[in-house]
Amino acid sequence: TVLGKAQEFFQICDVEGKGFITCQDMQRLYPELPLSLEELEKVFVMLDADGNGSLTPKEFTTGFSEFGKHFLLGQIALNNEMQQSEGETACTPKSKETVIDDDDEDFQFSNLMDRLGAKKVLEDESDVKQLWLQLRKDEPHLLSSFEEFLARIFSQLQDADNEKNELEWALKKKTAAYDEEIQHLYEEMEQQIKKEKDQFLLKDTERFQSYSQELECKLLSKEQELEQLVQKQKRLEQQCTELLSGKQETKVENTKLKLTNQELLDDLERTSHELCLAQQQLQVLQEEASRLCEEKEMEVYRVTETLQREKSGLLKQLDFLR
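Residue 1 is where the sequence shown starts when you use the UniProt record's numbering, and the numbers rise one by one after that.
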């Protein structure tokens with residue numbers, strides 16, 4: 001539509017994205033438009049109804065549709081007067097060509113739009129067609145100038161559309177490259193997290209195995225000591241049995257036997273006490289080994305949870321970067 005094209009012109013003028021344009025912004029298009037700097041300034045003044053020196057998109061598009069028709073007619077008339085000054089024959093009216101039926105007008109207008117490539121850049125041709133029919137009926141000598149002006153306008157619109165397509169393609173290409181880079185970074189972080197997790201688990205496993213071997217050695221040593229104490233206790237019990245069952249022939253031997261028996265009983269008591277201590281130490285070592293296994297499992301669980309939270313944090317950062 002005409003309003004749609006007016007919005008495109010506004011965006012072309014507002015290269016800085018300020019949301020409004022000034023007279024200087026419009027005059028930047030001087031090399032690309034068939035208007036002088038003074039004419040562009042007049043256009044801006046006419047569109048700037050409130051006189052604040054700037055045009056918003058709404059002010060520009062609203063005034064563009066009303067002003068455009070009158071301004072184009074004036075511009076075409078000016079061009080035609082210049083052509084008339086070069087020769088009187090240029091303004092000779094062709095009255096016969098103005099008398100055509102509606103079907104012929106539609107056909108000629110359609111051919112004109114096809115030739116100018118208007119359908120590629122203009123969705124609604126009704127405003128242009130109305131102006132073209134009005135000129136054809138009331139001012140036929142201005143029609144050629146109007147068509148030349150349309151050719152320049154549509155050419156500039158086509159160039160702007162091509163530039164827009166190129167920018168969109170470049171943006172899609174850049175977006176694809178950015179997504180590929182993000183995916184690459186994500187894969188690198190996944191590998192780094194896995195590597196650090198494996199290294200930690202390997203180091204922790206080695207430490208646990210070393211401590212387990214040390215505990216096993218201590219347990220084996222205590223078991224050997226316990227076995228020796230048990231054997232010693234058995235020998236002492238056997239000696240006590242032999243002494244108690246033997247007949248005493250003399251008082252001296254009986255006294256010696258009592259003393260020896262008491263010593264053996266004392267020794268047996270000490271051995272029993274040492275055996276109890278050894279059993280307690282063995283139980284403590286077994287409990288320590290069990291506790292170490294539980295701590296190992298809890299440590300692995302905490303590490304896994306920590307790595308998972310770090311991974312979730314990194315994924316959120318990646319989503320934010322996207």
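Cβ atoms here follow ideal geometry from the backbone N, Cα and C, with glycine treated the same way.
These numbers come from a predicted model, not from an experiment.
Asked, Found
"Could you say if the region 255-265 and the region 295-307 meet the contact criterion of at least three C-beta pairs nearer than 8 Å?", "no"
"Whole angstroms are fine: how far does the CA of phenylalanine 109 sit from the CA of aspartate 103?", "10 Å"
"At what residue ranges does the region 97-164 contain a whole run of the alpha helix (DSSP H), taking only runs of 4 or more?", "102-116, 126-138"
"Tell me whether the beta-carbon of leucine 143 lies closer than 8 Å to the beta-carbon of glutamate 105.", "no"
"In the DSSP assignment, the alpha helix (DSSP H) including tyrosine 301 goes from what residue to what residue?", "251-321"
"List the DSSP bridge partners of isoleucine 21.", "Leu55"
"What are the start and end residues of the alpha helix (DSSP H) that includes leucine 29?", "Leucine 29 -> no alpha helix (DSSP H), and no H or E assigned at all."
"Does the distance from the CB of leucine 220 to the CB of glutamate 274 come in under 8 Å?", "no"
"By alpha-carbon positions, which one of Ala118, Ser245, Ile12, Arg302 ends up nearest to glutamate 148?", "Ala118"
"How many angstroms separate the CA atom of tyrosine 178 from the CA atom of leucine 122?", "34 Å"
"Could one say the Cβ of aspartate 103 lies closer than 8 Å to chain C's Cβ atoms, at least one of them?", "The displayed structure is made up of one protein chain only, and chain C is not part of it."
"Hey, quick one: how far does the alpha helix (DSSP H) through valine 45 stretch, first residue to last?", "37-47"
"Does valine 15 come out as helix, strand or coil in the three-state DSSP assignment?", "coil"
"Can you check which of these residues, Gln280, Lys232, Ser245, is closest to glutamate 269 by C-alpha distance?", "Lys232"
"Report yes or no: do the region 182-191 and the region 149-158 share at least 3 C-beta pairs separated by less than 8 Å?", "no"
"Beta-carbon within less than 6 Å of asparagine 261's beta-carbon, same chain only, minus the 5 sequence neighbours each way: which residues are those?", "Leu243"
"Under the three-state reduction of DSSP, which class applies to aspartate 179: helix, strand or coil?", "helix"
"Is it right to say aspartate 198 is buried, meaning 16 or more other beta carbons lie within 10 angstroms of its own, or is it exposed?", "exposed"
"Is it true that the CB of leucine 285 sits closer than 8 Å to the CB of lysine 194?", "no"
"Tell me which same chain residues have a C-beta within less than 6 Å of the C-beta of lysine 129, skipping the five on either side of it?", "Phe109"
"Roughly how many angstroms lie between the CA atoms of valine 15 and glycine 51, to the nearest whole one?", "22 Å"
"Please go through the same chain and pick out, in chain order, the residues whose beta-carbon is closer than 8 Å to the beta-carbon of threonine 89, but skip the five residues on each side of it.", "Model confidence at threonine 89 stands at a pLDDT of 36, short of 50, so the residue's coordinates are unreliable; what they give is reported in the following sentence. Hits under 8 Å: none found."
"Pop quiz: leucine 55 and aspartate 48 are said to be a contact at Cβ under 8 Å. What is the actual Cβ separation, rounded to whole angstroms?", "6 Å"
"With distances taken from CA atoms, which of Phe154, Leu264, Lys311, Asp204 is nearest arginine 115?", "Phe154"
"Taking 8 Å as the cut-off, decide whether the C-beta atoms of leucine 8 and alanine 170 are in contact.", "It should be pointed out that residue 8 corresponds to glutamate in this sequence rather than to leucine. No, Cβ-Cβ distance for glutamate 8 and alanine 170 is not below 8 Å."
"Can you grab the Cα-Cα spacing for the pair serine 210 / leucine 318, in whole Å?", "40 Å"
"Count the other CB atoms within 10 Å of the CB of methionine 46; is the residue buried (16 or more) or exposed (fewer)?", "exposed"
"Could you check the C-alpha separation between arginine 302 and threonine 205 for me, to the nearest Å?", "15 Å"
"Specify the secondary structure class of aspartate 50 as computed by DSSP and reduced to three states.", "coil"
"Nearest to threonine 175 by CA position, among Gly19, Leu321, Gln24, is which residue?", "Leu321"
"Considering only C-alpha positions, which residue in the set Asn162, Leu314, Arg28 is nearest to glutamine 191?", "Leu314"
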